[in-house]
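A.B. asks: Let me give you the structure first, and then I'll get to my questions.
Protein chains: 2
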Amino acid sequence: MESTLQYKILYNRLKKEILADVYQVGSVLPSENDLCAASNLARSTVRQALSQLESEGFIVKQKGKGSIVKSKSRALNLLSFQGFSAMVGPEKISTLSVQEPQIQPWPVKFFFELNELERGAGCIHFSRVRSIDGQPLMYESTFVPNLNLPQFVRQFKLNSSFFEFLAKTYQLEITGMEQEIWAASADPEIAQRLQLAEGTPVLKICRKYATNRAHLQVYSLLYCNTSKYAMSNSSGVVNQQSI
Amino acid sequence: MESTLQYKILYNRLKKEILADVYQVGSVLPSENDLCAASNLARSTVRQALSQLESEGFIVKQKGKGSIVKSKSRALNLLSFQGFSAMVGPEKISTLSVQEPQIQPWPVKFFFELNELERGAGCIHFSRVRSIDGQPLMYESTFVPNLNLPQFVRQFKLNSSFFEFLAKTYQLEITGMEQEIWAASADPEIAQRLQLAEGTPVLKICRKYATNRAHLQVYSLLYCNTSKYAMSNSSGVVNQQSI
DNA sequence: CGCTAAAACTTGTACGTACAAGTTGAAAGT
DNA sequence: ACTTTCAACTTGTACGTACAAGTTTTAGCG
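Line order of the protein sequences matches chains A and B.
Quick note: the first sequence uses the numbering used here, first residue 931, plus one each step.
Quick note: the second sequence uses the numbering used here, first residue 931, plus one each step.
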């Protein structure tokens, strides 16, 4: 299900090539004029593709120089564990199922306000613990409104990527996010899930994801152990750390 | 020092008018064509201004409908690079000076890596505690490379906005940010600064701000009490919560 | 060889046109 | 009174031109 929009096509191609190391981190992309000539697009269209790559943190543009590949990291500046893929390979990440996907009513006291459409539809809920090297780092409890997402419970596997599943199965893309963050003490349940002493400080994060389907939003409640790995993110245009 | 760029001028005007309730939250801005006619600008220029407003969360654009005012000031947007006084009204914020601005060498163990230019220049350092309604919420310790920022120590007042001071005095704008976040226990000093019991969970945040001056970066170390107010932010394009 | 100035790049801003596609409300038809 | 259709909006995409401004390379001069 590829887009027919010219700037999206170019954006996807460049993103794929960055991820595949065709353009390595620190190197410069072909100039806008080169991309125009190669793809037979107007410069404004090429700039639209590059602009999206920049806003998602893949490249940094510098006047007079060019578009420099900044990072291979994924879209959206989600708060993520530092060096989740760099320091430890994805093979060392393990997932423990706490609650397999099931359809249920919404919790009575939910951490975000729901509209009537969502409230009436009920939700799909699942929970999992993600670990690195056997050490539990994150307890994640996710709630999806049960709105026209056929076969979700049957098809989604907890040890795979939730966002990739949404994209492949329903052509759903995450377009934005809001979150609230607290420092909290691990209560007995969280302490047990993350194998911590009760009362240990943990990050508590409530997230609402927006999607490209109007009025469909996804909710996540996270508890994170930051004793070994910090959570990190970046936003805006960050200078290149040369010199 | 206002910008001479047309799209920046329009952006600033619209932002100011949103903050002043000329356009209330939930209402629609004048259409792009109306803005073109009123300001004698091309539509692409108007769209550039609106695009920046959208990326910063002030408006949401919907095809066929218009540009809807989403938020006056990205409420409590502490985790994005907007800064403290922009999110809660400045009238309720009180500031306690812990360390007046002074020139000093960098701390031996600094929380971000410094390049040689920064290391050699030394730093300007100040610390303050910010409270809302008399309740200390945040302990902030800021470090700025002492690079061509004349009169900083003399002119910066701790109870004013740091980012606004940088903009007005040096035409420095914050263009981006990276941060790392932990949940930590308040040590004796932090507990005293934030008037908390020792061991209370607090958010610890290390930030690096990028500016429009190449190679000039600003560093901040924050400790936040989240018992009453959560930290929050948003990124990407978030759906309108209507229905 | 070393320095300077100009040329040849790069991205940024600003203008314009044209049409596609989503939304809304009014007019026309039943 | 109700439904359907259509016209009049809205933003989105894509094309194009021109010049400004920052960076790097090159050519020329002393």
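Think of the CB as a built atom: it goes at the ideal place given N, C-alpha and C, for glycine as much as any other residue.
Considering only residues of the region 1126-1163 of chain B, which uninterrupted beta strand (DSSP E) runs meet the minimum length of 3 residues and lie entirely inside it, listed in chain order?
C.D. replies: 1131-1141 and 1147-1154
A.B. asks: Anything in chain B within Cβ reach of S985/A, meaning under 7 angstroms, just list it in chain order.
C.D. replies: In the first sequence, the residue the question calls residue 985/A occupies position 55. For S985/A, the chain B residues whose C-beta falls within less than 7 angstroms of its own C-beta are S985, listed in chain order.
A.B. asks: Within 8 angstroms of any Cβ in chain B, is that where the Cβ of S961/A sits?
C.D. replies: Taking the first residue of the first sequence as 1, we reach residue 961/A at position 31. Judged by the 8 angstroms Cβ criterion, S961/A is not in contact with chain B.
A.B. asks: Decide if P1075/A is buried, meaning its Cβ has at least 16 other Cβ atoms within 10 Å, or exposed.
C.D. replies: What you label residue 1075/A is simply residue 145 of the first sequence in a count that begins at 1. By the C-beta density criterion, P1075/A is buried, having at least 16 other C-beta atoms within 10 angstroms.
A.B. asks: Under 9 angstroms between beta-carbons, which chain A residues line up against W1036/B? List them in chain order, please.
C.D. replies: By 1-based counting over the second sequence, the position of residue 1036/B is 106. What W1036/B touches in chain A: nothing, since even the nearest Cβ is about 16 angstroms away.
A.B. asks: Against chain B, does V1102/A count as a neighbour if the rule is that its beta carbon must be under 8 angstroms from one of theirs?
C.D. replies: Position 172 of the first sequence, counted from the start, is the residue given in the question as residue 1102/A. A small fix is needed here, since residue 1102/A is Leu in this sequence, not Val. Closer than 8 angstroms: no.
A.B. asks: Starting from the N-terminal side, write out each stretch of the alpha helix (DSSP H) that is 4 residues or longer and does not extend beyond the region 1023-1067 of chain B.
C.D. replies: 1046-1051
A.B. asks: State the CB to CB distance for the pair L980/B and K991/B, rounded to an integer number of angstroms; the pair is presumed to be in contact (CB under 8 angstroms).
C.D. replies: Translated into the one-based positions of the second sequence, residue 980/B becomes position 50. Translated into the one-based positions of the second sequence, residue 991/B becomes position 61. Yes, they are in contact, since the Cβ atoms of L980/B and K991/B sit about 7 angstroms apart, within 8 angstroms.
A.B. asks: When you compare each of L1044/A, E1108/A, Y1100/A and A1116/A to N1155/A by their alpha carbons, which one comes out closest?
C.D. replies: In the first sequence, counting from the first residue as 1, residue 1155/A sits at position 225. Answer by Cα proximity: A1116/A.
A.B. asks: Since I1104/B contacts Y1139/B with CB under 8 angstroms, what's their CB separation in whole angstroms?
C.D. replies: As a first step, residue 1104/B must be located in the second sequence, where it is residue number 174. As a first step, residue 1139/B must be located in the second sequence, where it is residue number 209. Their Cβ separation, rounded to whole angstroms, is 5 angstroms, which keeps I1104/B and Y1139/B in contact under 8 angstroms.
A.B. asks: Taking 8 angstroms as the CB-CB limit, is Y941/B close to chain A?
C.D. replies: Stepping through the second sequence from its first residue, residue 941/B is reached at position 11. It does not; no Cβ of chain A falls within 8 angstroms.
A.B. asks: Among residues of its own chain, excluding the 5 on either side of G1013/A, which ones have a beta-carbon nearer than 8 angstroms to its beta-carbon?
C.D. replies: Counting from one through the first sequence, the residue named residue 1013/A turns up at place 83. At G1013/A, the pLDDT of 45 sits below 50, so the modelled position is not reliable and the matter cannot be decided from this model.
A.B. asks: Counting only beta-carbon atoms, is P1131/B nearer than 8 angstroms to chain A?
C.D. replies: Taking the second sequence and counting its residues from 1, one reaches residue 1131/B at position 201. With 8 angstroms as the cut-off, P1131/B counts as an interface residue toward chain A.
A.B. asks: If we call anything under 8 angstroms between Cβ atoms a contact, is L1124/A one with P1066/A?
C.D. replies: To locate residue 1124/A, count along the first sequence from 1; it is residue 194. To locate residue 1066/A, count along the first sequence from 1; it is residue 136. Yes, Cβ-Cβ distance for L1124/A and P1066/A is below 8 angstroms.
A.B. asks: Which of the three DSSP states is assigned to S985/B in this structure?
C.D. replies: Position 55 of the second sequence, counted from the start, is the residue given in the question as residue 985/B. In this structure, S985/B counts as helix in the three-state DSSP scheme.
A.B. asks: Relative to the alpha-carbon of E1046/A, which residue among H1055/A, I939/A and W1036/A has its alpha-carbon at the smallest distance?
C.D. replies: For the purposes of this step, residue 1046/A is taken as the residue at position 116 of the first sequence. Of H1055/A, I939/A and W1036/A, the residue nearest in Cα terms is W1036/A.
A.B. asks: Looking at the structure shown, is K1087/A part of a helix, part of a strand, or coil, going by DSSP?
C.D. replies: Numbered from its first residue, the first sequence carries residue 1087/A at position 157. Reduced to three states, the DSSP call for K1087/A is coil.
A.B. asks: For the structure I just gave you, are there three or more beta carbon pairs, one from the region 1054-1074 of chain B and one from the region 1024-1034 of chain B, closer than 8 angstroms?
C.D. replies: yes
A.B. asks: Hey, could you find the ends of the alpha helix (DSSP H) T1099/A is sitting in?
C.D. replies: Within the first sequence, residue 1099/A is the residue found at index 169, counting from 1. That run of the alpha helix (DSSP H) goes F1092 to Y1100.
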